[in-house]
Amino acid sequence: MIGDRVMIRYIVRRLCYSVTLVLGVMLILFLLYNVMGGSNMAVLRMAGKHATKEQLQDLREQYGFDQSLPRQFIELARQCVTFDFGRSITTRQKITTMIRDGAVPSFTLMAPAFFITLILAVSVSLFCAYRRNSLMDRIIVVFSIAGMSVSMMAYIILGQYLLAYKWKLFPISGYEPGLQAIRYIVLPALIYVSVAMGSEVRLYRTFMLNETNRDYVRTARAKGVGTGRLLFKHVLKNAMIPIITQVVILIPFLIMGSLLLENFFSIPGLGNMSIEALGNWDLPVLKAVTYIGSLMFIFGNLLSDVLYALVDPRVKLG
Amino acid sequence: MPADFYRRFRDSLWGVAARQVWKNKLAMASLAVILIYILLGLGVYFGIVGADYNTKHKEEKINPAGRKITRFREYEIPSGEFWLGTDLFGRDVFQKTLYGVKTALMIGLITSLIAIPIGLILGAMAGYFGGIVDEIIVWFYSALASVPPLLLLLSLSLIFGRGIHGVYLAIGLTSWVALCRLVRGEVIKLKGVEYVQAARSLGAGHFRIIFRHIIPNVLHLVIINFTLRFCYAIKAEVILSYLGIGVELGQPSWGNMIQSARQELQRGVWWQFASATVAMFLIVLAFNLFGDALRDALDPRLKRG
Chain A
1 MIGDRVMIRY IVRRLCYSVT LVLGVMLILF LLYNVMGGSN MAVLRMAGKH
51 ATKEQLQDLR EQYGFDQSLP RQFIELARQC VTFDFGRSIT TRQKITTMIR
101 DGAVPSFTLM APAFFITLIL AVSVSLFCAY RRNSLMDRII VVFSIAGMSV
151 SMMAYIILGQ YLLAYKWKLF PISGYEPGLQ AIRYIVLPAL IYVSVAMGSE
201 VRLYRTFMLN ETNRDYVRTA RAKGVGTGRL LFKHVLKNAM IPIITQVVIL
251 IPFLIMGSLL LENFFSIPGL GNMSIEALGN WDLPVLKAVT YIGSLMFIFG
301 NLLSDVLYAL VDPRVKLG
Chain Y
319 MPADFYRRFR DSLWGVAARQ VWKNKLAMAS LAVILIYILL GLGVYFGIVG
369 ADYNTKHKEE KINPAGRKIT RFREYEIPSG EFWLGTDLFG RDVFQKTLYG
419 VKTALMIGLI TSLIAIPIGL ILGAMAGYFG GIVDEIIVWF YSALASVPPL
469 LLLLSLSLIF GRGIHGVYLA IGLTSWVALC RLVRGEVIKL KGVEYVQAAR
519 SLGAGHFRII FRHIIPNVLH LVIINFTLRF CYAIKAEVIL SYLGIGVELG
569 QPSWGNMIQS ARQELQRGVW WQFASATVAM FLIVLAFNLF GDALRDALDP
619 RLKRG
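In the order they appear, the protein sequences are chains A and Y. Residue 15 in the numbering used here sits at position 15 of the first sequence, and the numbers go up by one each step. Quick note: to get the numbering used here, add 318 to the position in the second sequence (first position is 1).
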């Protein structure tokens with residue numbers, strides 16, 4: 001069928017475009033960590049004030065900065081393609097292993113937090129669209145804007161202080177693998193939900209209201225469809241398209257975890273790992289985590305584009 | 319003529335938008351808050367207020383051994399003398415919070431001066447020239463937008479080194495993509511508009527068309543972006559300072575104050591945390607609300623419910 005061929009061509013084209021984006025990410029990483037990070041100034045800062053000439057030279061060799069830039073780029077591309085990022089400068093562990101180990105706690109924390117936020121935010125925004133401009137709707141909007149305006153650090157510090165330190169409802173920080181993890185992730189997950197709710201409710205409410213202004217809604221209403229049915233059957237279905245796009249964008253965070261939350265609650269996930277790498281100037285680890293995060297973002301987007309094309313006939317394949 | 323000018327302004331996009339914002343009480347209240355903060359920031363900049371932020375207040379005491387010692391008046395609770403208490407070194411938290419206003423506004427302003435020209439010019443070029451130029455610019459910002467924002471921000475400020483200049487550069491260089499996208503979309507539409515075609519047929523060069531005819535007509539996007547960016551920049555500073563790659567410790571910023579609050583809260587010292595959080599909350603809220611009102615007024619297509 002012609003349709004199939006168009007679809008396959010579309011998928012191949014999107015895939016090729018994604019590959020060029022991956023190349024772009026490599027270029028950005030190269031500029032960031034090799035060109036700028038390899039500059040004399042950055043190396044000096046890494047080595048500290050009292051480094052000797054030999055130490056500086058050592059450092060350059062460790063990071064491969066002593067080689068020519070084209071060679072450094074080839075090496076970076078090789079690492080990115082084979083996923084062999086070498087060893088961490090500080091822990092001496094293989095970076096691939098570190099990332100695999102770190103992904104599990106991050107996922108354990110973020111997956112529940114993420115889905116609770118999604119379900120709550122969609123329900124609340126649907127309610128707002130249902131009771132548009134009512135007192136409740138206004139209160140929710142005010143609260144979500146106010147919630148967005150508080151620093152995430154304030155949520156974390158206050159949440160940890162009140163719930164864990166003062167009222168002793170949760171452990172202050174830490175992590176254990178397996179089922180024991182639940183004890184440790186409830187508080188950070190709770191904080192994530194409260195941080196994320198504000199902006200998500202506000203965004204999803206806009207999506208819902210955009211849909212309620214459309215012709216098909218008026219038609220359905222004219223035909224006598226009740227408000228509840230209209231919202232759940234018609235509006236929600238259509239509003240899910242931008243919502244899912246938004247969710248796909250957030251997927252890398254599922255694995256990456258929230259850097260700050262993990263760091264604050266000492267959860268040994270990828271976020272915490274990146275912050276520690278940051279503190280130790282462990283550029284190879286930072287580079288690998290950044291690359292993996294970007295890769296997930298790009299392929300998440302590719303996936304959502306292809307899914308739309310399959311599901312929604314209105315999506316142009318041109 | 320003034321009357322003529324007034325009539326033209328009244329009926330222009332800006333005039334209509336100004337009236338709409340003027341009628342919005344919440345937006346005007348937000349604007350008032352923003353103006354107060356700007357005044358405070360200017361006051362700090364010129365040394366009129368908040369100049370005393372670094373004085374380590376000391377007191378003399380007789381210790382149990384009968385010796386006279388001088389010590390910092392650390393962690394004093396809010397009082398008539400120190401409205402918001404003192405910190406570990408006996409510095410006035412109220413003065414520090416005031417100084418933080420300047421730090422925060424400078425971060426918003428300077429990062430905008432970095433990000434807005436990049437976003438505006440690249441977006442205008444991509445939209446106007448199309449073809450290969452467009453593809454390269456879109457490719458570059460899509461790749462940049464694929465990198466997890468927080469990691470990009472952290473890596474950049476790590477490389478630029480601790481200090482306020484690193485913060486400016488890191489936030490500025492990572493936050494131009496949204497504006498660039500919007501401008502590009504708008505310019506693609508404007509390219510076909512009659513007055514642009516007229517300018518072209520009159521022999522205007524690309525440079526003149528872009529700067530005289532296209533950019534003035536996307537300025538509303540810039541203004542909306544400028545307002546909303548402050549929220550992002552101020553919040554980003556707090557995160558960078560917490561992680562020790564933000565503003566230097568000697569210079570008070572809300573991020574530094576919140577960072578030290580982590581240990582202080584457990585000793586029951588809440589005032590530094592509360593002052594910084596509330597000061598920051600008010601200004602970010604004001605910028606959020608005012609930016610939304612501006613967006614509704616200037617860009618009716620993006621109308622929110």
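Cβ coordinates follow ideal geometry from the N, Cα and C atoms, glycine included. Remember, it's a predicted structure, so these values are computed and weren't measured experimentally.
Please report whether the beta-carbon of residue i lies at a distance below 8 Å from any beta-carbon of chain A.
i	result
G623/Y	Here the model assigns G623/Y a pLDDT of 39, short of 50, so the residue's position is not dependable and the matter cannot be decided.
S464/Y	yes
W494/Y	no
Y324/Y	no
I395/Y	no
I439/Y	no
K461/Y	It should be noted that the sequence gives Ala, not Lys, for residue 461/Y. Yes - at least one Cβ of chain A is within 8 Å of the one on A461/Y.
L406/Y	no
Pick helix, strand or coil for residue i, following the three-state DSSP scheme.
i	result
R314/A	coil
R92/A	coil
K376/Y	strand
T290/A	helix
I387/Y	strand
T404/Y	strand
R9/A	helix
R530/Y	helix
R409/Y	coil
R480/Y	coil
R78/A	helix
R214/A	coil
R355/A	This structure does not reach residue 355/A, given that chain A is present from 1 up to 318, and the question cannot be answered.
R320/A	What is shown of chain A runs 1 to 318, which leaves residue 320/A out entirely.
Counting contacts by CB-CB distance shorter than 8 Å, is residue i in contact with chain Y?
i	result
S106/A	no
A146/A	yes
T96/A	no
V289/A	yes
V19/A	no
G228/A	no
A42/A	yes
I116/A	no
S151/A	yes
G102/A	no
V25/A	yes
L278/A	yes
I8/A	no
How big is the Cα-Cα spacing for residue i and residue j?
i	j	result
Y393/Y	D405/Y	5 Å
V411/Y	S464/Y	40 Å
E278/Y	G437/Y	Because chain Y in this structure spans residues 319 to 623, residue 278/Y falls outside the shown range and cannot be described.
S258/A	P570/Y	26 Å
P105/A	I251/A	15 Å
S348/Y	L295/A	40 Å
I439/Y	D610/Y	24 Å
S460/Y	D305/A	15 Å
L360/Y	R613/Y	27 Å
Y363/Y	K94/A	50 Å
L286/A	A277/A	6 Å
G365/Y	F115/A	50 Å
A615/Y	I275/A	41 Å
L310/A	Y10/A	11 Å
V485/Y	D4/A	50 Å
>> Give me the subset of the stretch 331-360 of chain Y whose CB atoms are less than 8 Å from a CB atom of chain A, sorted by chain position.
In response: For the stretch 331-360 of chain Y, the set of residues with a beta-carbon nearer than 8 Å to any beta-carbon of chain A is empty.
> What residues in the stretch 237-263 of chain A bring their beta carbon closer than 7 Å to a beta carbon of chain Y?
Replying inline: For the stretch 237-263 of chain A, the residues whose beta carbon sits under 7 Å from a beta carbon of chain Y are, in order, P252, M256, L259 and L260.
> the stretch 55-73 of chain A: which residues have C-beta closer than 8 Å to a C-beta of chain Y, in chain order?
Replying inline: Listed by position along the chain: nothing, the set is empty.
>> Does the structure place the stretch 569-579 of chain Y close enough to the stretch 528-537 of chain Y that three or more beta carbon pairs sit under 8 Å?
In response: The stretch 569-579 of chain Y and the stretch 528-537 of chain Y do not touch, with fewer than three beta-carbon pairs separated by less than 8 Å.
>> Which residues of the stretch 596-609 of chain Y have a Cβ closer than 7 Å to any Cβ of chain A? Give them in chain order.
In response: Closer than 7 Å at the C-beta level to chain A, one finds these residues of the stretch 596-609 of chain Y: M598, F599, V602, L603, N606 and L607.
> Are three or more beta carbon pairs between the stretch 263-282 of chain A and the stretch 184-203 of chain A nearer than 8 Å?
Replying inline: Verdict: yes, contact present.
> When you check each C-beta in the stretch 542-558 of chain Y against every C-beta of chain A, which residues fall closer than 9 Å?
Replying inline: For the stretch 542-558 of chain Y, the beta-carbon criterion of a distance under 9 Å to any beta-carbon of chain A is satisfied by C549, I552, K553, V556 and I557.
>> Count Cβ pairs between the stretch 86-93 of chain A and the stretch 281-294 of chain A that sit closer than 8 Å; are there 3 or more?
In response: Segments in contact, yes.
>> Using a Cβ-Cβ cutoff of 8 Å, what residues of the stretch 468-501 of chain Y are near chain A? List them in chain order.
In response: Along the stretch 468-501 of chain Y, the positions whose C-beta sits under 8 Å from a C-beta of chain A are L468, L469, L470, L472, S473, L474, L476, I477 and G479, read in chain order.
> Does the stretch 393-402 of chain Y touch the stretch 576-592 of chain Y, meaning 3 or more C-beta pairs lie closer than 8 Å?
Replying inline: Segments in contact, yes.
> Name the residues in the stretch 175-193 of chain A whose C-beta lies less than 9 Å from a C-beta of chain Y; which are they?
Replying inline: Per Cβ criterion, the list is empty.
> Is there contact here, the stretch 48-55 of chain A with the stretch 478-493 of chain Y, by at least three beta-carbon pairs under 8 Å?
Replying inline: With the rule of 3 Cβ pairs closer than 8 Å, the stretch 48-55 of chain A does not count as touching the stretch 478-493 of chain Y.
> For the stretch 204-213 of chain A against the stretch 126-138 of chain A, are there 3 or more C-beta pairs whose distance is under 8 Å?
Replying inline: Touching, yes, given that three or more Cβ pairs across the two stretches are closer than 8 Å.
> Contact between the stretch 591-610 of chain Y and the stretch 508-528 of chain Y: three or more CB pairs below 8 Å?
Replying inline: No, because fewer than three Cβ pairs between the stretch 591-610 of chain Y and the stretch 508-528 of chain Y fall closer than 8 Å, the two stretches do not touch.
> Are the stretch 163-170 of chain A and the stretch 226-241 of chain A touching, with three or more C-beta to C-beta distances below 8 Å?
Replying inline: By the Cβ criterion, the stretch 163-170 of chain A is not in contact with the stretch 226-241 of chain A, since fewer than three pairs of Cβ atoms, one from each stretch, lie closer than 8 Å.
> Using Cβ-Cβ distances below 7 Å, what residues of the stretch 569-590 of chain Y are close to chain A?
Replying inline: The residues in question are I576, A579, R580, L583 and Q584.
> So does the stretch 412-420 of chain Y actually touch the stretch 546-563 of chain Y, counting three or more Cβ pairs closer than 8 Å?
Replying inline: In this structure the stretch 412-420 of chain Y does not touch the stretch 546-563 of chain Y; the number of beta carbon pairs closer than 8 Å is below three.
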